[in-house]
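Shown next, in structure tokens, is the structure this report addresses.
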Amino acid sequence: MSTNNEMQIRHSATNSRSTTSSKSPSLSKVNNVRNVEPVLYSEAAVRFNENSLEQCRTSVSALSGCVAGILGLTSYKGFIFYAFSIFFLSFLIYLYIRNEHRKFFTSLKHIFINGFFNGLLTYVLFWTFLYGMVHVY
């Protein structure tokens with residue numbers, strides 16, 4: 077994930093708060109609600125960040141498939157290992173960006189849920205190939 081300014085999601089720079097006198101507290105609350113600054117997203121930056129996350133997931137899927145095949149994991153233990161490795165990657169990415177996830181993604185769903193099944197076929201490919209090479213032949 078790139079942290080340079082051109083690839084991050086941009087927030088709007090306009091700060092249009094009205095300067096009305098607060099004659100009544102309810103009127104000032106309504107004005108504050110209306111003057112909430114909208115968040116603008118760059119579509120190119122969002123696509124770039126999601127592509128980078130997908131590449132990380134594919135790499136971790138291949139690596140964890142190799143590890144599972146070499147260790148000789150079979151059946152549900154192998155799939156549990158895949159789920160653990162992908163959620164561990166998501167957790168590490170979340171720790172890296174912490175409270176700034178709005179700069180890079182539109183929601184936390186992109187980090188934890190999206191792309192979970194995309195790397196599964198890569199994982200199974202490497203898992204079965206290395207299991208066969210190490211334990212069968």
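With my numbering as the guide, the letters of the sequence shown map in order to residues 77 to 213.
We treat Cβ as the ideally placed atom computed from N, Cα and C, and that holds for glycine.
So what does DSSP say about residue i, is it helix, strand or coil?
i      : result
GLY208 : helix
SER118 : coil
SER128 : helix
SER97  : Residue placement at SER97 cannot be trusted, given a pLDDT of 46 that sits under 50; the coordinates are not used to answer.
TYR213 : coil
ASN194 : coil
SER140 : helix
GLY145 : helix
ILE187 : helix
Just to confirm, are residue i and residue j a CB contact at a threshold of 8 Å?
i      : j      : result
PHE181 : ILE189 : no
TYR158 : TYR199 : yes
GLY195 : THR134 : yes
VAL136 : LEU171 : no
Suppose the cutoff is 8 Å on Cβ atoms and the five residues either side in sequence are ignored; what does the same chain contact list for residue i look like?
i      : result
VAL210 : GLY145, ILE146, GLY148
LEU184 : TYR170, HIS177
With a threshold of 6 Å on Cβ separation, who are the neighbours of residue i within its own chain once the five nearest residues in sequence on each side are excluded?
i      : result
TYR207 : GLY145
Kindly list the residues whose CB is nearer than 7 Å to the CB of residue i, restricted to its own chain and excluding five residues on each side of it in sequence; keep chain order.
i      : result
PHE192 : ILE162
ILE173 : PHE180
GLU126 : HIS186
Provide the residue span of the alpha helix (DSSP H) that contains residue i, from first to last.
i      : result
LEU165 : 152–173
PHE180 : 177–180
Exercise for the section: Evaluate the contact criterion for the region 140–151 versus the region 190–208: three or more CB pairs, one atom per stretch, below 8 Å. Expected result: yes
Practice task
Say whether the region 114–132 touches the region 142–159, bearing in mind that this needs 3 or more beta-carbon pairs closer than 8 Å, one atom from each stretch.
Solution key: no
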